[in-house]
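Only one structure is covered here, and it is reproduced in the block below.
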Amino acid sequence: MDTSNRVIVVGAGPVGLCLSLALAQTGVEVCLIEMLGEDNFLEQVSRAGTNHPATLELFERIGLYDRLEPRGIIAPLFHYWDRREHQLIAEFDHAHLKGDTRFPYVLQCERIKIVEEALKLAKAHSNIEVRLSTTFTGFTQAGEVVTASFTNPAGECESVSGAYLVSAEGARSIVRKQLEIEFEGFTYPDRTLNIEVAYDFRKHGYTERNYISDPEEWSNLFHWKGPPDRWRIHFPVEPEAEETALTRAEALQARLQRFLPTGKPFDIVASNLYVVHQRVAQKFRIGRAILAGDSGHVNSPIGAMGMNSGIHDAFNLAEKLTRILRREAGEDVLDRYERQRRHVALQHTQAQTIRNKRLLAEQEPATRERNHAELRRTAEDPKLARAFLLRSSLIESLREAERIP
Ligand SMILES: Cc1cc2nc3c(=O)[nH]c(=O)nc-3n(C[C@H](O)[C@H](O)[C@H](O)COP(=O)(O)OP(=O)(O)OC[C@H]3O[C@@H](n4cnc5c(N)ncnc54)[C@H](O)[C@@H]3O)c2cc1C
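As structure tokens, then:
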């Protein structure tokens, strides 16, 4: 069998699916391996969901945007709040980006809806062989061929060969570990508690996306389309606290009442606790094995950049792999992929999410005051606001990456 036009993609998360669709559209054959099956694919814990303008443009390119818009919420605005004073500090409006993008807003649409719709498109594409209930176990590479091993739905060991292998397996990437690539960075000692509530926070002045600063308990508050409509609230929790104690119904209610004393119990839909890492792989490629998305970089969700920047990796890589397979470019373009996307992971995604967390958790009163004054000044000045939004929406990261030779 001719393996020279086939790319093996491991992981049908948002990154693996976008990569597969972008490759398939240009005539590349894809073998997409995913350990989840028809029976449990939609049972994944809800995660990311804020899709920035540049990502929406990419979704449109693969026919995904029209499927997501009706399932999401168009949100042109986002807020910074001071929880201590219960005061709106600044409102940013993506309308300032009208000249920069066709989508001057974010789309609040959760990862689970994105992968559900993208998987339907992948299954319908004749260039994509989707292998669900298939667990990747390792790979070898020799000459111009890379071979992936996996356990098939019947529990048997099998393998498939191709010209390149892309690890879109998420943070626990077997490919990254097999290649012994360092995952450099750190893990925050405090964890984040996510509570999902069916309650309309807009009647208290909040908008669809809110970043809330507080020296004791900062928070994020986001709106998701239902039914029923849900709001996701994040709180930091101490490293030593017991998970069962934190997620007990009374403990969740008490925390929510401290945040917004309504006097009535909140309708809690779900809750979960997660650990936050800031890590970037030391290399994004060795030979014919390439990392994309969370397998190459993970970061705090404050600012909604992990999935977005992973999807930007996918499109950058798809374009380069297509040119290589058409013999229009040499393999050195993959070194440029690494230079461009590692730069974005370190200087944009990681740097900004670290800054975002520091801003929300700042304890020193004078620094807090200075930060808030700066946010107000930025939001009120159209030129400064546009520059701020170009950074927060990752448009600047894409423009900067284009300038990297
Ligand atoms: C609470 C929370 C909120 C977040 N909010 C945002 C947000 O608003 N915006 C944003 O941009 N990012 C956000 N993120 C980050 C975002 O979820 C990730 O960056 C994104 O999901 C990474 O996509 P991925 O495709 O690289 O990996 P994943 O989404 O982890 O997908 C990996 C896929 O690979 C499969 N897989 C793994 N191992 C194997 C194997 N051995 N064999 C076969 N298949 C395998 C998995 O089943 C999965 O389907 C958030 C994260 C968290 C935890």
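Using this note's numbering, the letters of the sequence shown map in sequence onto residues 256 to 660. Here a beta-carbon is modelled for each residue, glycine too, at the ideal position from N, C-alpha and C.
Check, Outcome
"Selected residue, minimal CA-CA separation from H334, among E340, D348, H567", "D348"
"R431 beta carbon near ligand 1 (any heavy atom closer than 6 Å)", "no"
"Touch test, the stretch 306-321 against the stretch 409-417, Cβ-Cβ under 8 Å, three pairs minimum", "no"
"Where F521 falls: helix, strand or coil (DSSP)", "coil"
"6 Å CB neighbourhood of C273 in its chain, flanking five on each side removed", "I566, A569"
"C273 in three-state terms, based on DSSP", "helix"
"Boundaries (first-last residue) of the beta strand (DSSP E) holding R464", "464-468"
"Minimum length 3: unbroken beta strand (DSSP E) runs contained in the stretch 336-415", "342-348, 361-363, 383-386, 390-397, 400-406"
"Three-state secondary structure (DSSP) of S564", "helix"
"Check: R339 C-beta below 6 Å from any heavy atom of ligand 1", "no"
"Straight-line gap, R646 to R510 (C-alpha atoms, nearest Å)", "32 Å"
"Check whether I659 and R594 have beta carbons under 7 Å apart", "yes"
"Inter-stretch contact at 8 Å, needing at least 3 Cβ pairs: the stretch 424-438 / the stretch 258-269", "yes"
"Best match in E371, A500, V452, V524 for proximity to L515 [C-alpha to C-alpha]", "V452"
"Three-pair Cβ contact test at 8 Å for the stretch 319-327 versus the stretch 615-630", "no"
"Span separating the alpha-carbon of L630 from that of D355", "22 Å"
"Continuous beta strand (DSSP E) assignments of at least 3 residues falling wholly in the stretch 425-452", "438-442, 446-452"
"Inter-residue spacing [alpha-carbon to alpha-carbon] between V492 and E505", "16 Å"
"Proximity winner among A345, C286, A496, V370, relative to F405 (alpha-carbon distances)", "C286"
"Contact set for S474: own chain, Cβ-Cβ below 7 Å, skip 5 residues either direction", "R338, I467, I488, H489, F490, F514"
"Cross-strand partners of T305 (DSSP beta bridge)", "Q363"
"Identity of the residues DSSP links to G417 by a beta bridge", "V401"
"Residues of its chain near T502, where Cβ-Cβ distance is below 6 Å and the 5 sequence neighbours each way are ignored", "S526"
"Beta-carbon proximity of V370 to A377, cut-off 7 Å", "no"
"S652 burial status per 10 Å Cβ neighbour count (16 or more: buried)", "buried"
"Within 7 Å, strictly: CB atoms of I557 and T608", "yes"
"Span of the beta strand (DSSP E), counted from its first residue to its last, around P250", "Lying outside 256 to 660, the shown extent of the chain, residue 250 is not represented and no answer is given."
"Proximal residues to S648 (C-beta, below 6 Å), its chain only, five neighbours per side dropped", "H307, P308"
"Bounding residues of the alpha helix (DSSP H) (the contiguous stretch that carries P611)", "Per the sequence shown, residue 611 should be read as Asn rather than Pro. Element bounds for N611: 606-616."
"Three-way DSSP call (helix, strand, coil) for Y529 in this model", "strand"
"Other residues of its chain near R299: CB distance less than 8 Å, five sequence neighbours each side excluded", "One detail in the question is off: residue 299 reads as Gln in this sequence, not Arg. Taken in chain order, the residues that qualify are L291, R366, I367, V370."
"Distance, L507 Cα to T447 Cα", "13 Å"
"Helix, strand or coil at I288 according to DSSP, with G and I counted as helix", "strand"
"CA nearest to the CA of L332, picked from I317, F314, E315, V361", "V361"
"Residues bridged to V262 [DSSP beta-bridge criterion]", "V285, Y419"
"heavy atom of ligand 1 below 6 Å from R366 C-beta", "yes"
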